[in-house]
Amino acid sequence: MTLLAREIASRIARSGPMPVDAYMRLCLSDPEHGYYRTRPAIGISGDFITAPEISQVFGELIGVWAAAIWDAIGQPATLRLVELGPGRGTLMADALRAIGKVAPALRAALAVHLVEINPGLRQQQAATLAGSSPRWHDDTATLPDGPLIVIANEFFDALPIRQFLRAADGWRERTIGLDGDRLVFVAGRSVPPLPRDAPIGSVAETSHERTALIGDIARRIARHRGAALIVDYGPFDSGFGDTFQAIREHKKVDPLAEPGLADLTAHVDFAALAAAARSAGATAYGPIPQGALMRRMGIAARAAVLMKNVDTARAALIAAAIGRLIEPDQMGTLFKALAILDARQPVPPGFDAPLQRP
Ligand code: SAH
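Next comes the structure, spelled out in structure tokens:
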């Protein structure tokens, strides 16, 4: 049993079963034992690999996207480039390099702001981004006012969700209780009926933390101009299903087995994020598949440049990495991108063509 498992068990013994969001919050961000306070998370020696760690092209194309937004909002003299959960700083470093090439004036005008709670990752970000004088924040509340572009890759999936079960007698919150000293899922208290009903046994997921955060970002964008690009995994439309999962050392594990030692995530409900952005006064486009965004931003041309003067073994590695980002059976379709903009802007790059759903 981990120390955090003991702490959670004693809280449940004291106050009764715990909703999934409270459990996720403790497991991921408890100041002492939380996964994102204590673990390296990303990389071969961590628990999972993310798109910017697969290929530099991912961050570069996002940099090009940001430069197009800066242009569309009239090239403001200062722009905050904000990343939520920047991991090792790889995406930001690749984006800044690309911005330096395609829009040197933007490179000079921008200030880098990083929202991060992991002290180990903050150190890595400081090393990776040493030349860019980033400023760190615990959350978005302390971001300064003014035009901004917010990037978030695999960030929203780690924010807590609540789960609801459709039981014979109505909807109940899914909670975590005790069987002896083991953590188990139990049907909790009855909740008011959800807007959309579903067959008995269905699971619905909601996240106040995610929609509140999108609301804050969208309000800033609507007021000060700018954009957000959210890339994560989840379905096109809101649906039912249990997507709560744990990953440790690149394998799926039981989310209740080792609190604090595994990454906990759930699919992102893009339709809910888009709705929250719209009700905060911004426009939302997408989600579109990651593969479509990358193709439309020119991934093939960029890959051709990188493969030009390298040997065949290196070229094959580059091609394989690009394939991982865009192929439908890899990250190309499950991962999606949502764009949030102030209403005065045209449709952003990558989101403009009609989309054929798989
Ligand atoms: N975007 C990076 C890392 C994704 S992992 C990449 O693509 O490689 C999630 C990131 O979000 C990590 O940097 C983690 O430390 C950070 N994080 C997780 N929960 C957070 C929270 N509540 N507030 C701020 N940062 C958080």
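Residue numbering for the sequence shown follows my numbering, starting at 1251 and increasing by one per position.
Just so you know, even glycine gets a beta-carbon here, dropped at the ideal spot from N, CA and C.
Checklist entry - Taking C-beta to C-beta, are L1428 and R1422 nearer than 9 Å? => result no
Checklist entry - Where do the N-terminal and C-terminal ends of the alpha helix (DSSP H) with P1369 fall, by residue? => result P1369 to T1378
Checklist entry - What residue range is occupied by the uninterrupted beta strand (DSSP E) comprising V1400? => result L1398 to N1403
Checklist entry - Using the beta-carbon count (16 or more within 10 Å), is V1400 buried or exposed? => result buried
Checklist entry - Is it a yes or a no for the stretch 1564 to 1584 touching the stretch 1504 to 1513, going by three-plus beta-carbon pairs under 8 Å? => result no
Next on the checklist: So, with DSSP's three-state summary, where would you put G1484?
Outcome noted: coil
Item to check | T1425: first and last residue of the uninterrupted beta strand (DSSP E) it sits in | outcome: G1420 to D1429
Checklist entry - Does DSSP put K1558 in a helix, a strand or coil? => result coil
Next on the checklist: Quick check: the Cα distance between P1537 and V1434, rounded to an integer number of angstroms?
Outcome noted: 34 Å
Item to check | Which residues DSSP lists as bridging I1292, in chain order | outcome: F1298
Next on the checklist: Any heavy atom of the ligand SAH closer than 8 Å to the beta-carbon of V1441?
Outcome noted: no
Checklist entry - Can you list, in chain order, the stretches of the beta strand (DSSP E) that have 3 or more residues and sit fully within the stretch 1517 to 1602? => result 1533 to 1539 and 1585 to 1591
Item to check | Three-pair Cβ contact test at 8 Å for the stretch 1431 to 1448 versus the stretch 1355 to 1368 | outcome: no
Checklist entry - Is S1305 near the ligand MN, going by C-beta to nearest heavy atom under 8 Å? => result The ligand MN is absent from the structure shown, which contains only the ligand SAH.
Checklist entry - Looking at A1454 and A1448, is the spacing between their C-beta atoms short of 9 Å? => result yes
Checklist entry - Which residues in the same chain as F1405 place their Cβ atom closer than 6 Å to its Cβ, once the five residues preceding and following it in sequence are excluded? => result L1334 and G1335
Next on the checklist: Counting C-beta neighbours from all protein chains within 10 Å, is the total for Q1375 16 or more, i.e. buried, or is it exposed?
Outcome noted: buried
Item to check | Start-to-end residues for the alpha helix (DSSP H) that takes in L1341 | outcome: T1340 to V1352
Next on the checklist: Across the stretch 1463 to 1478 and the stretch 1587 to 1605, are there enough close Cβ pairs to call them in contact, namely three or more that are closer than 8 Å?
Outcome noted: yes
Next on the checklist: Would the stretch 1571 to 1579 count as touching the stretch 1293 to 1307 if we require 3 or more Cβ pairs under 8 Å?
Outcome noted: yes
Checklist entry - Do P1384 and V1362 have their C-beta atoms within less than 9 Å of each other? => result yes
Checklist entry - Does the beta-carbon of N1403 have 16 or more other beta-carbons within 10 angstroms, so that it is buried, or is it exposed? => result buried
Item to check | Spatial distance of I1323 from L1276 (CA atoms) | outcome: 40 Å
Item to check | Close beta carbons around E1499, own chain, < 7 Å, minus the five adjacent residues each side | outcome: D1297
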